[in-house]
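S.K.:
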Amino acid sequence: MENSDNNNGNGVATKDRRPDALGNLKVLPDELICYILENLTPRDVGRLACVSSVMYIFCNEEPLWTGLCVRKANGLLQYKGSWKKTTLQLEDPPIEYEESCRRPLHFDGFYSPFLYRRFYRCNTSLYAFSFDNRVLKARKVLTLEDFNHARNETDVVLLSGLADTWPARTTWTVGQLLMKYGDTKFNISQRGVRNISMKFKDYVSYTKVQRDEDPLYIFDAKFGEAAPGLLEDYSVPHLFQEDLFAVLDRDQRPSYRWFIVGPERSGASWHVDPALTSAWNTLLCGRKRWALYPPGRVPLGVTVHVNDEDGDVNIETPSSLQWWLDFYPLLADDDKPIECTQQPGETIFVPSGWWHCVLNLETTIAVTQNFVDSNNFEFVCLDMAPGYRHKGVCRAGLLALDEGGLEAFEKNACCDDKSLSYPDMTRKEKRVRINSSRENQNCEEAINGVSKSYNLWKQGFSYDISFLEKFLDEERDHYNFPWNSGNCIGQREMREWLYKLWVGKPEMRGLVWKGACLALNAGKWLERLEEIRNFHDLPPLTTEERLPVGTGSNPVYLMADCVVKIFVEEGLESSLYGLGTELEFYSSLSKVNSPLKNHIPEILASGILYLENGSYKVVPWDGKGVPDAIGKCNLISWNYREDDFPFGIWSKKQFEYKRAGKSVCELKTSDGCTGIWPYVITKRCKGKIFAQLRDTVTWEDMLNLASFLGEQLRNLHLLPYPPFDDLTLSSFKQKMELTNGCMEDFLCKSNIPVEWEFFIRTLAEKKKDVASRLTNWGDPIPGTLIEKVDEYIPDDFAKLLHVYKDENGLNKVCKPCSWIHSDIMDDNIHMERCYASSCLSENAADSGPRDTGSMNGYDGSGEDKSWRPTHILDFSDLSIGDPIYDLIPIYIDVFRGDSCLFKQFLESYKLPLLRRMPQPESGDDKFARLSYHTMCYCILHKDNVLGAIFGMWKELRMAKSWEEVELKLWGDLNNYKGFP
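In our numbering, the protein residues as written are 56 to 1035.
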């Protein structure tokens, strides 16, 4: 590339070829053209390279092909000397096309400042890169007391000597790791990269030849599984031993330790560590340049986006190298970050909430761990609390507030904490960055912008929990607010974490309660529990019973002899259908002599708690009729009999259909009926839930559990469900508005039996946005399969039913229609201790619950005992439909994909999943495969079942088709016929 003002070497001025070569595109800046190209396919970029000389230059830029390759790659990657060649290997192009790419063309008469700066960043050397303004000096700290004193002085602390005794101090060099782990695969990190790994020897080869602006680097959270020996080479420094996440099981706790290898110019761009955790980072080889800002002070060049639906925080930031080269020189002395150059053997401590950016000055090898301790526990709980205002303020400080919110803050700055509220604040995206292609023109604007950011930060922002919690939503709770997908752990894991700390660390209960109030609004639920307890004259709560248990989707409290569940998940209407259906099911169960009733907790009471004129009131409710408090909400718009269950199963089915395929923000909730909470009180089972026992039960216990579940699912699926009578049908006609004509006309034209109608139509609604839903769920669901999902799922779900006419001309379905639990997971199975000999000698499924004299599995004896299943819990997710649906959580969550346990389950289940096998349609027998039915239900499931599947069966991430995944997971079902 040459400037048009230069000559061509022969004294002849060259003409600027850009206008003619780009045509109408000449009005677009170069960075926009590059952005457009980045969003095309490799084949389209190859075609565009043939359009003109300038487009050839754009389309052969190595940074462009880096992005194209890493977005397309999936699984093991091998670098081929250039990113274009590597991408072509993935495309498998014709030989002649590959040959033509070996002779690059050169053109004069074109100059691009944007491309030149990127070219410079790709080829600059950082050997002498060091400017030690505000350098953080390393200090040797021997005691925790000294460390806390150092933290009080500088917050960020650079430590020496902590790794002196580690084997890694001498063995973690590129050469030694190459000899020991050359063929080991490590996960690769770079912005936009998904599911890429490289063998260590291939990665080292890449680092020796690459000239990338933002090089790939190893940032592997699973290195302990890939190379267990690395875990033996270091130990957690004594200053950072407290880690409150350690109480979680390994598969529940978030990623917390990383093995890091990066070449010169690589690094981590500006970020705040997940969940506002703190971190220590020890360097074993090379040099790292660090820049850090205190919490709430957004660095120049960084944009913070806060989603006002779920509070998810996304950060736009230049690469680490680009920031140091393009943005750092613009900073006034007062605006510069805390800086240091980390040397081998040194450990840096990064406190909660601090912004930091890291640049590798040469090839580096390091290990880092994030942790939760007593100092940052409340901040971590705050980060996982629902809402968005506090998340923006935690990261962007007062920049997260719009003008109205900032005025409110200033006005109320001197008020009492409890009087502060910000009802008018809305999400604000604060852009404190400049366009890198115009930094010369906008230098003054950029400096003014960052100075404003600094002034706002100084104005009154405080990284103090009492300050930050002022920005929480008043009615927040994790049970009915959208969950933030960016949170480090899921809702269930978060609640279980708090409960385990509450029970297991009584000395910390004061702190844990504060965290639970931030994350769960635990004080609010305790207040409502007390009202229910007083009404039903239940015993006073002990200290241990004040916090809801971690499992389930609603506040559940374990008391001495009973369990209280308050229904709140997804709002009032959904809660009413959950409780109403459960009460109708219990009523139906009492009318038949099914063995299942021995394995379901007894209901002691149920009712509605509501707030009226500032006072709580309780009205008992057995599911029949509509209490006045509910009637005022206008949730029921049809006539019903007094002995009906207006919120029973058939009403719930139409409610499910109405919600199918709609996002959380699209759903109409009963916001006008706040202050109403259905609840149920059941008898408490002795023993423990299976989720607490998974790692301790024997194989014989697991086989016994599989048999128990098979028999109880058989009992459940044999139960008669409430009839679809004329009154029920009439209410449907009144309430449902179908897109294809009225309900009556549709039912007349449909050949589907009415009890299947809403099941099929709900599946069809879910299919409408299945691809976008899977895309939003993202990793580890392979993008290549998401692209094929619409063609895999049937257009007509009625084909799954195999509808035929019997001898009387009536429509019949080959599938059984039945009650389905739909949520039998490891936290909904209860087990009791028993002597091992007793468990082996008696059939647990046929015997009723037996009193072992212990509560929650503890009886004080040290005798060797085994565990036997006794109860299935939580029927609020009951539905009516295909029994296959119940197999999904049992196989994936309870059995964790163990085919032997699944086979044992089916041998006890014994019911056919198809009444008769129809003749397959010509040329396509997929509808005759039970595995196909089950896979479709997995894809359309309301929960991220596919994330669990591809997380457990990692090899399936390389699958070429859904059929491959289907047969791997569910192929054994195709041989299952049931037992006569």
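Just so you know, even glycine gets a beta-carbon here, dropped at the ideal spot from N, CA and C.
Keep in mind that this is a model prediction, so the values were computed, not measured.
If contacts are defined as beta-carbon pairs under 8 Å, then THR262 and ARG342 qualify, I think. What distance do you get, rounded to the angstrom?
M.R.: In the sequence shown, the residue the question calls residue 262 occupies position 207. In the sequence shown, the residue the question calls residue 342 occupies position 287. Taking the Cβ atoms as the reference, THR262 lies roughly 15 Å from ARG342, outside the contact range of under 8 Å.
S.K.: State the DSSP-derived secondary structure class of ILE587, mapped to helix, strand or coil.
M.R.: The sequence position of residue 587 within the sequence shown is 532, counting from 1. DSSP places ILE587 in helix when its eight states are reduced to three.
S.K.: What did DSSP end up calling GLU433 once you bin it into helix, strand or coil?
M.R.: Residue mapping note: residue 433 aligns to position 378 of the sequence shown, counting from 1. Looking at GLU433 - three-state DSSP - the assignment turns out to be helix.
S.K.: How many angstroms separate the CA atom of TYR632 from the CA atom of TYR236?
M.R.: In the sequence shown, counting from the first residue as 1, residue 632 sits at position 577. In the sequence shown, counting from the first residue as 1, residue 236 sits at position 181. Between TYR632 and TYR236, the C-alpha separation is close to 56 Å.
S.K.: Give a yes or no on whether the C-beta atoms belonging to PHE426 and PHE295 are separated by under 7 Å.
M.R.: What you label residue 426 is simply residue 371 of the sequence shown in a count that begins at 1. What you label residue 295 is simply residue 240 of the sequence shown in a count that begins at 1. Yes.
S.K.: Evaluate ASN178 with the Cβ neighbour count: other Cβ atoms within 10 Å of its Cβ, from every protein chain shown; 16 or more gives buried, anything less gives exposed.
M.R.: If you number the sequence shown from 1, residue 178 lands on position 123. Flag for ASN178 reads exposed.
S.K.: Whole angstroms is fine: what's the gap from CYS832's alpha carbon to LYS70's?
M.R.: Taking the first residue of the sequence shown as 1, we reach residue 832 at position 777. Taking the first residue of the sequence shown as 1, we reach residue 70 at position 15. Per the sequence shown, the amino acid found at residue 832 is Trp instead of Cys. Computed Cα separation, rounded: 51 Å.
S.K.: Give every residue of the same chain whose Cβ lies closer than 7 Å to the Cβ of ALA128, excluding the five residues on either side of it in the sequence, and list them in chain order.
M.R.: Taking the first residue of the sequence shown as 1, we reach residue 128 at position 73. Answer for ALA128: LEU145, ILE251, listed in chain order.
S.K.: Would you tell me roughly how many angstroms separate the C-alpha atoms of LYS446 and GLU524, rounded to the nearest one?
M.R.: As a position in the sequence shown, residue 446 is number 391, starting the count at 1. As a position in the sequence shown, residue 524 is number 469, starting the count at 1. If you take the alpha carbons of LYS446 and GLU524, they lie about 10 Å apart.
S.K.: Have a look at the DSSP bridge pairing and note the partners of TYR671.
M.R.: As a first step, residue 671 must be located in the sequence shown, where it is residue number 616. Residue pairing for TYR671: DSSP places it in a beta bridge opposite LEU666.
S.K.: Determine the extent of the alpha helix (DSSP H) in which SER629 is found, giving its start and end residues.
M.R.: Counted from its first residue, the sequence shown places residue 629 at position 574. First-last of the alpha helix (DSSP H) with SER629: 627-646.
S.K.: Secondary structure at GLY356, three-state DSSP: helix, strand or coil?
M.R.: Locating residue 356 in the sequence shown gives position 301, counting from the first residue. Note: GLY356 maps to coil in three-state DSSP.
S.K.: Given this structure, state the Cα-to-Cα distance separating VAL361 from VAL448, to the nearest angstrom.
M.R.: For the purposes of this step, residue 361 is taken as the residue at position 306 of the sequence shown. For the purposes of this step, residue 448 is taken as the residue at position 393 of the sequence shown. Approximately 10 Å, taken between the alpha carbons.
S.K.: Answer with buried or exposed for TRP1017, where buried requires no fewer than 16 other C-beta atoms within 10 angstroms of its C-beta.
M.R.: Residue numbering aside, residue 1017 sits at position 962 when the sequence shown is read from its first letter. A buried status is given to TRP1017, since no fewer than 16 other beta-carbon atoms sit within 10 Å of its beta-carbon.
S.K.: Report back the beta-carbon spacing between CYS436 and LEU527 to the nearest angstrom; my notes put them in contact at under 8 Å.
M.R.: Numbered from its first residue, the sequence shown carries residue 436 at position 381. Numbered from its first residue, the sequence shown carries residue 527 at position 472. With a Cβ gap of about 11 Å, CYS436 and LEU527 do not count as contacting.
S.K.: Which residues does DSSP list as the beta-bridge partners of LYS343?
M.R.: Here residue 343 corresponds to residue number 288 of the sequence shown, with the count starting at 1. LYS343 is bridged to GLN397, ASN415.
S.K.: Would you say ASN1029 and SER986 are within 7 Å of each other, going by their C-beta atoms?
M.R.: Within the sequence shown, residue 1029 is the residue found at index 974, counting from 1. Within the sequence shown, residue 986 is the residue found at index 931, counting from 1. Taking 7 Å as the Cβ cut-off, ASN1029 and SER986 qualify as a contacting pair.
S.K.: Mind checking TYR859: buried by the 16 CB within 10 Å criterion, or exposed?
M.R.: Taking the first residue of the sequence shown as 1, we reach residue 859 at position 804. Under this definition TYR859 is an exposed residue.
S.K.: By how many angstroms is the C-alpha of ASN609 removed from the C-alpha of PHE622?
M.R.: Walking along the sequence shown from the start, residue 622 turns up at place 567. Walking along the sequence shown from the start, residue 609 turns up at place 554. Cα to Cα, the separation comes out at about 6 Å.
S.K.: Just to confirm before moving on: does the CB-CB distance between GLU730 and PHE960 stay below 7 Å?
M.R.: Residue 730 sits at position 675 when you count from the first residue of the sequence shown. Residue 960 sits at position 905 when you count from the first residue of the sequence shown. It is Gly, not Glu, that sits at residue 730 in the sequence shown. The Cβ-Cβ distance between GLY730 and PHE960 does not fall below 7 Å.
S.K.: Thinking C-alpha only, which one of TYR272, LYS254, ASN336 is nearest ALA218?
M.R.: The residue given as residue 218 occupies position 163 in the sequence shown. Residue ASN336 is the option with its Cα nearest to ALA218.
S.K.: To the nearest angstrom, how far is the alpha carbon of PRO168 from that of VAL196?
M.R.: Walking along the sequence shown from the start, residue 168 turns up at place 113. Walking along the sequence shown from the start, residue 196 turns up at place 141. When rounded, the distance between both Cα atoms is 48 Å.
S.K.: Grab me the residues of LEU331's own chain with a C-beta within less than 8 Å of its C-beta, minus the 5 sequence neighbours each way, in chain order.
M.R.: To locate residue 331, count along the sequence shown from 1; it is residue 276. Correct list, in chain order: SER407, GLY408, ASN431, PHE434, VAL435, LEU437, ASP438, CYS449.
S.K.: Counting only runs of 4+ residues fully inside the region 924-971, write out the alpha helix (DSSP H) ranges in chain order.
M.R.: 954-964
S.K.: Would you mind sorting LEU160 into buried or exposed? The rule is 16 or more other CB atoms within 10 Å of its CB.
M.R.: By 1-based counting over the sequence shown, the position of residue 160 is 105. Exposed, by the Cβ-count rule.
S.K.: Using 7 Å as the threshold, is the C-beta distance between VAL109 and LEU87 below it?
M.R.: Start at 1 with the first residue of the sequence shown, and residue 109 comes out as number 54. Start at 1 with the first residue of the sequence shown, and residue 87 comes out as number 32. Their beta carbons are not under 7 Å apart, which means VAL109 does not touch LEU87 by this criterion.
S.K.: Pick out the complete alpha helix (DSSP H) segments inside the region 88-118, 4 residues or longer, and give them in chain order.
M.R.: Complete alpha helix (DSSP H) runs here, min 4: 97-103, 108-114.
S.K.: Give every residue of the same chain whose Cβ lies closer than 7 Å to the Cβ of VAL291, excluding the five residues on either side of it in the sequence, and list them in chain order.
M.R.: Start at 1 with the first residue of the sequence shown, and residue 291 comes out as number 236. Only GLN424 meet the Cβ criterion.
S.K.: Between the alpha carbons of PRO778 and GLY605, how many angstroms are there, rounded?
M.R.: Mapped onto the sequence shown, residue 778 falls at position 723. Mapped onto the sequence shown, residue 605 falls at position 550. When rounded, the distance between both Cα atoms is 36 Å.
S.K.: Determine the direct distance from the alpha carbon of TRP120 to that of LEU214, and round the result to whole angstroms.
M.R.: In the sequence shown, counting from the first residue as 1, residue 214 sits at position 159. In the sequence shown, counting from the first residue as 1, residue 120 sits at position 65. Rounded to the nearest angstrom, the two C-alpha atoms are 40 Å apart.
S.K.: Any chance you could list the alpha helix (DSSP H) runs of at least 4 consecutive residues sitting entirely within the region 264-317, in chain order?
M.R.: 278-281
S.K.: Kindly indicate which three-state DSSP category GLY130 falls into: helix, strand or coil?
M.R.: Position 75 of the sequence shown holds residue 130. Note: GLY130 maps to strand in three-state DSSP.
S.K.: What are the start and end residues of the alpha helix (DSSP H) that includes TRP732?
M.R.: Within the sequence shown, the letter at position 677 stands for residue 732. Not the alpha helix (DSSP H): TRP732 falls in the beta strand (DSSP E), residues 731-738.
S.K.: For a minimum of 4 consecutive residues, which ranges assigned as the alpha helix (DSSP H) are wholly contained in the region 529-601?
M.R.: Those alpha helix (DSSP H) runs which fall completely within the region 529-601 and span 4+ residues are 546-559, 564-575, 577-590.
S.K.: In angstroms with no decimal places, state the Cα-to-Cα distance between LEU232 and THR419.
M.R.: As a working mapping, residue 232 is identified with position 177 in the sequence shown. As a working mapping, residue 419 is identified with position 364 in the sequence shown. Cα to Cα, the separation comes out at about 13 Å.
S.K.: Using DSSP's beta-bridge definition, name the partner residues of ARG194.
M.R.: The count along the sequence shown starts at 1 and reaches residue 194 at position 139. DSSP, once it has assigned bridges, lists LEU214 as partnering ARG194.
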